[in-house]
Amino acid sequence: MSTYEVEIQLILSKNLGYLLDDNLEAMLDKVAELQKMNYVFQQKLKSKY
1 MSTYEVEIQL ILSKNLGYLL DDNLEAMLDK VAELQKMNYV FQQKLKSKY
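Be aware that the sequence shown starts at 1, since it is given in the numbering used here, and climbs by one per residue.
Here is the structure:
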(Lines of atoms letter the chains of each structure in order from A; the text may use other names.)
(Lines give C-alpha, C1' and ligand atoms only; values in the text may rest on other atoms or scores of the structure.)
Protein backbone atom coordinates (compact mmCIF):
# COMPACT_ATOMS: atom_id res chain seq x y z
CA MET A 1 0.00 0.00 0.00
CA SER A 2 1.38 3.41 -0.93
CA THR A 3 1.43 6.43 1.35
CA TYR A 4 -1.23 8.02 -0.86
CA GLU A 5 -3.47 5.02 -0.32
CA VAL A 6 -2.88 5.31 3.43
CA GLU A 7 -3.82 8.98 3.21
CA ILE A 8 -7.12 8.14 1.51
CA GLN A 9 -7.86 5.37 4.03
CA LEU A 10 -7.30 7.81 6.90
CA ILE A 11 -9.64 10.37 5.36
CA LEU A 12 -12.29 7.71 4.79
CA SER A 13 -11.88 6.52 8.39
CA LYS A 14 -12.48 10.06 9.62
CA ASN A 15 -15.53 10.47 7.38
CA LEU A 16 -16.95 7.19 8.71
CA GLY A 17 -16.46 8.33 12.31
CA TYR A 18 -13.52 6.11 13.24
CA LEU A 19 -11.09 9.01 13.74
CA LEU A 20 -11.34 12.42 15.36
CA ASP A 21 -10.17 15.53 13.48
CA ASP A 22 -7.15 15.97 15.76
CA ASN A 23 -6.07 12.37 15.25
CA LEU A 24 -6.52 12.65 11.49
CA GLU A 25 -4.39 15.79 11.26
CA ALA A 26 -1.59 14.21 13.31
CA MET A 27 -1.61 11.08 11.16
CA LEU A 28 -1.73 13.04 7.90
CA ASP A 29 1.26 15.07 9.07
CA LYS A 30 3.18 11.83 9.61
CA VAL A 31 2.14 10.53 6.19
CA ALA A 32 3.29 13.78 4.56
CA GLU A 33 6.62 13.46 6.34
CA LEU A 34 7.02 9.90 5.05
CA GLN A 35 6.14 11.03 1.51
CA LYS A 36 8.86 13.68 1.63
CA MET A 37 11.41 11.23 3.01
CA ASN A 38 10.52 8.70 0.33
CA TYR A 39 10.89 11.32 -2.42
CA VAL A 40 14.33 12.39 -1.18
CA PHE A 41 15.42 8.76 -0.92
CA GLN A 42 14.30 8.06 -4.50
CA GLN A 43 16.13 11.14 -5.78
CA LYS A 44 19.34 10.05 -4.05
CA LEU A 45 19.05 6.59 -5.57
CA LYS A 46 18.53 8.07 -9.04
CA SER A 47 21.55 10.35 -8.72
CA LYS A 48 23.82 7.42 -7.80
CA TYR A 49 22.84 5.34 -10.82
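We treat Cβ as the ideally placed atom computed from N, Cα and C, and that holds for glycine.
Please tell me whether residue i and residue j are closer than 8 Å, where the distance is taken between their beta carbons.
{"i": "E7", "j": "L28", "result": "yes"}
{"i": "V40", "j": "T3", "result": "no"}
{"i": "L34", "j": "L24", "result": "no"}
Between which two residues does the alpha helix (DSSP H) holding residue i run?
{"i": "S47", "result": "D21 to K48"}
{"i": "Y4", "result": "T3 to N15"}
Looking only at its own chain, which residues have a Cβ that is under 6 Å from the Cβ of residue i, when we skip the five neighbours before and after it?
{"i": "S13", "result": "L19"}
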